[in-house]
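*Asks:* This is the structure I have questions about; it appears just below.
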Amino acid sequence: MLKSLGIKKTVMLTGDKKLVADTVGQELDIDEIHSELLPEDKLNIVEKLLLQKSSRGKLFFVGDGINDTPVLARADIGIAMGGLGADAAIDVADVVIMNDEPSKIGTAVFVAKRTRKIVWQNIYFALGVKFLFLALGAIGIATMWEAVIADVGVSLLAVLNAMRVLKYNYKINN
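According to our numbering, the sequence shown is numbered sequentially starting from 43.
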């Protein structure tokens, strides 16, 4: 599922036994599985992964316990699973998923990508209208009030455009 969203590499870092980790990793189509790790082992592996990733790439780490807190803080994007997880993990996480369903990670990535796309649409649209009215005002075609009305109008349209994030059905294929 994550591969279809553009995630190039998935790595599992867990303190669980190798047999359990391998079973879960295969079920979730994980590329690389590291098991029986201590918290500092997880942090060391994440540090290595951060050095390997491209400059435009992002590393996100998903964790649920107090042992994951340092890694959640170190990753580019920390995702805490379970709203009832350790408070320390929730505090340092950038994203909190309120249940323990792994499929929600894909949904969170999808929502983030869609939100980013809409934000850039709003920025381009707002700047385009502002530059248009700046140019029209500079050559004397648009008045100050027309520019103000255009600014308010583009702000309202940006809010309405952003609301599309809320309207979308986020049931994606698992």
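Ideal Cβ placement from N, Cα and C applies to all residues, glycine included.
Between which two residues does the beta strand (DSSP E) holding Gly105 run?
*Replies:* Unbroken beta strand (DSSP E) run through Gly105: 102-105.
*Asks:* Leaving aside the five residues before and after Lys100 along the sequence, list all residues of the same chain whose C-beta is less than 8 angstroms from its C-beta, in chain order.
*Replies:* The residues are Asp118, Ile119.
*Asks:* Spatial neighbours of Glu217 within its chain, please: C-beta separation below 8 angstroms, excluding the five flanking residues on both sides.
*Replies:* Outside the displayed span of the chain (43 to 216) sits residue 217, for which this structure offers no information.
*Asks:* Count the other CB atoms, across all protein chains shown, that sit within 10 Å of the CB of Val62; report buried if there are 16 or more and exposed otherwise.
*Replies:* Under this definition Val62 is an exposed residue.
*Asks:* Using a Cβ-based criterion (distance less than 7 angstroms to any ligand heavy atom), does Val190 qualify as near the ligand GTP?
*Replies:* What this structure holds is no ligand at all, so the ligand GTP is not there to describe.
*Asks:* Can you tell me whether DSSP reads Glu69 as helix, strand or coil?
*Replies:* In this structure, Glu69 counts as helix in the three-state DSSP scheme.
*Asks:* When DSSP labels each residue in this structure, what does Glu74 get in the three-state scheme?
*Replies:* In this structure, Glu74 counts as strand in the three-state DSSP scheme.
*Asks:* Per DSSP, what kind of secondary structure is Ala122 in: helix, strand or coil?
*Replies:* Here Ala122 sits in strand by DSSP.
*Asks:* Mind checking which residues open and close the alpha helix (DSSP H) that includes Leu202?
*Replies:* It spans 186-204 - the alpha helix (DSSP H) in which Leu202 sits, taken as one unbroken run.
*Asks:* Output needed for Tyr210: all residues of its chain with C-beta closer than 6 angstroms, excluding positions within five of it in sequence on either side, in chain order.
*Replies:* Cβ within range, chain order: n/a, list empty.
*Asks:* Taking the continuous alpha helix (DSSP H) assigned at Ile160, which residues delimit it?
*Replies:* 145-180 is the extent of the alpha helix (DSSP H) around Ile160.
*Asks:* Hey, is the region 180-189 in contact with the region 133-143, meaning 3+ C-beta pairs nearer than 8 angstroms?
*Replies:* In short, these stretches do not touch, since the Cβ pair count stays below three.
*Asks:* Suppose the cutoff is 6 angstroms on Cβ atoms and the five residues either side in sequence are ignored; what does the same chain contact list for Asn216 look like?
*Replies:* Bear in mind that a pLDDT of 44 at Asn216, under 50, signals an unreliable position, so the number given afterwards is only what the model happens to contain. For Asn216, where only same-chain residues beyond five positions count, the Cβ hits under 6 angstroms are Met43, Ser145.
*Asks:* Compare the C-alpha of Ile75 against each of Lys51, Leu92, Leu93 and name the closest.
*Replies:* For Ile75, the nearest C-alpha among the options comes from Lys51.
*Asks:* Would you kindly work out how many angstroms separate the C-alpha atoms of Arg47 and Ala192, rounded to a whole number?
*Replies:* First, the residue type needs correcting, since residue 47 is Leu and not Arg in the sequence shown. The alpha-carbon atoms of Leu47 and Ala192 are separated by roughly 37 angstroms.
*Asks:* Quick one: Cα of Lys159 to Cα of Leu85, how far?
*Replies:* Approximately 31 angstroms, taken between the alpha carbons.
*Asks:* If you run the structure through DSSP and keep just helix, strand and coil, what is Ile132?
*Replies:* Three-state result, Ile132: helix.
*Asks:* Could you please give the first and the last residue of the uninterrupted alpha helix (DSSP H) stretch that includes Leu80?
*Replies:* Premise fails: Leu80 is in no alpha helix (DSSP H) and is neither H nor E.
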